[in-house]
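Protein chains in written order, with my numbering: chain A, 1 to 115; chain B, 116 to 230; chain C, 231 to 345.
Heads up, the beta-carbon is just placed ideally off N, CA and C, and yes, glycines get one too.
Small disclaimer: the values here were computed from a predicted structure and weren't measured.
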Amino acid sequence: MQIERIGVGQRMSKAVCTDGMVFTCGEVATDKTKDAFGQTQEILDALDASLRQAGTHKERILSATVWLADIKDFAEMNRAWDAWVPQGHTPARATVEARLVSATAKVEIAIIALR
Amino acid sequence: MQIERIGVGQRMSKAVCTDGMVFTCGEVATDKTKDAFGQTQEILDALDASLRQAGTHKERILSATVWLADIKDFAEMNRAWDAWVPQGHTPARATVEARLVSATAKVEIAIIALR
Amino acid sequence: MQIERIGVGQRMSKAVCTDGMVFTCGEVATDKTKDAFGQTQEILDALDASLRQAGTHKERILSATVWLADIKDFAEMNRAWDAWVPQGHTPARATVEARLVSATAKVEIAIIALR
Chain A
1 MQIERIGVGQ RMSKAVCTDG MVFTCGEVAT DKTKDAFGQT QEILDALDAS LRQAGTHKER
61 ILSATVWLAD IKDFAEMNRA WDAWVPQGHT PARATVEARL VSATAKVEIA IIALR
Chain B
116 MQIERIGVGQ RMSKAVCTDG MVFTCGEVAT DKTKDAFGQT QEILDALDAS LRQAGTHKER
176 ILSATVWLAD IKDFAEMNRA WDAWVPQGHT PARATVEARL VSATAKVEIA IIALR
Chain C
231 MQIERIGVGQ RMSKAVCTDG MVFTCGEVAT DKTKDAFGQT QEILDALDAS LRQAGTHKER
291 ILSATVWLAD IKDFAEMNRA WDAWVPQGHT PARATVEARL VSATAKVEIA IIALR
């Protein structure tokens, strides 16, 4: 089976695809002056872009892992998530708190989707 | 490839299935007055139910991620896990500490299995 | 679809394979007197061995999850990672901080790869 990569960097790729699936990196927002709501919106936009490049879309997400730098941001993250996630096509999800690589990143999300 | 969802909620689904695989959400116990042993038992029962709904069972689990609110509960979580996991068919597993969404949840487990 | 297991233990397996994919456990170093760089090297060697046993190799890794006991070890972990990861074939990756089961483990890595 062939592997296709999206946004190949020297350390990691933005997303990696098999014939049937796509695995994204843990996405964080570029603009870290935003609050958890704004950072989540930016992350979800980036995930939409990776899914599109893989020839798929958010109704095909299988699972999502969400890491919050502060679990108190759960409601703010969800405010962006709930507006974005397609009704009737919600993925499996796990959300936990974890210190992130960038001290100003508030949210990180990785997903697995079908192409 | 078709996607089937189990326990579809507005925010997430309990489990999401492809033709060949099933991805569960991060399961936590409903009764959070239980200790880590009891919460783990309840989670494993819920995972068994999701696997059953997906037409599969615990001998087909590929990988499990376990988050403990307090890593000191590792032995108590394992006491329930070890009694449950089928010998000769143990999944790959990773266990780390993470603050969970509910302050009274002590354990959260997500799995990926073959159907 | 058949499941093959590598390093089957009573609690977990070192890696679990489907026809097309391999899921490893969260690998930690055996020699925990090593610093984050040395522990990462040891983990990557162990992952290479599991991939080899599954009949595949590091150019076929789809995604990696890295947990650091102390996020300050990000650069040291990457020093080993960057020397190891095959250019043009980098996986999707997520790195977060988490307390690990062993208090002296500094790094834990789990991967998903194509066979």
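{"query": "Taking only three categories from DSSP, how would you classify residue 288 of chain C?", "result": "helix"}
{"query": "I want to verify the contact list: residues of chain C whose CB lies under 8 Å from the CB of residue 141 of chain B, in sequence order.", "result": "Those do not exist, as residue 141 of chain B stays about 14 Å from chain C at its closest Cβ, beyond 8 Å."}
{"query": "Is there a Cβ of chain C sitting closer than 7 Å to that of residue 177 of chain B, yes or no?", "result": "yes"}
{"query": "Under 7 Å, Cβ to Cβ, is there at least one residue of chain A near residue 282 of chain C?", "result": "no"}
{"query": "Taking buried to mean at least 16 other C-beta atoms within 10 Å of its own C-beta, is residue 201 of chain B buried or exposed?", "result": "exposed"}
{"query": "Just to check my reading of the structure: residue 292 of chain C and residue 325 of chain C have Cβ atoms closer than 8 Å, yes? What is that Cβ distance to the nearest angstrom?", "result": "The Cβ separation is near 16 Å, so there is no contact."}
{"query": "Give me, in chain order, the residues of the same chain whose beta-carbon lies closer than 7 Å to that of residue 89 of chain A; leave out the 5 immediate sequence neighbours on both sides.", "result": "59"}
{"query": "Using the beta-carbon of each residue, which ones in chain B are nearer than 8 Å to residue 338 of chain C?", "result": "209 and 211"}
{"query": "Chain C beta carbons: is any one of them nearer than 7 Å to that of residue 16 of chain A?", "result": "yes"}
{"query": "So, with DSSP's three-state summary, where would you put residue 129 of chain B?", "result": "strand"}
{"query": "Checking contacts by CB at 7 Å: is residue 304 of chain C closer than that to chain A?", "result": "yes"}
{"query": "Would you verify that the beta carbon of residue 206 of chain B is, or is not, closer than 7 Å to some beta carbon of chain C?", "result": "yes"}
{"query": "Using a 10 Å radius around the Cβ and a threshold of 16 neighbouring Cβ atoms, would you call residue 218 of chain B buried or exposed?", "result": "exposed"}
{"query": "Which residue wins for smallest C-alpha separation from residue 213 of chain B, given the options A:65, A:54 and A:77?", "result": "A:65"}
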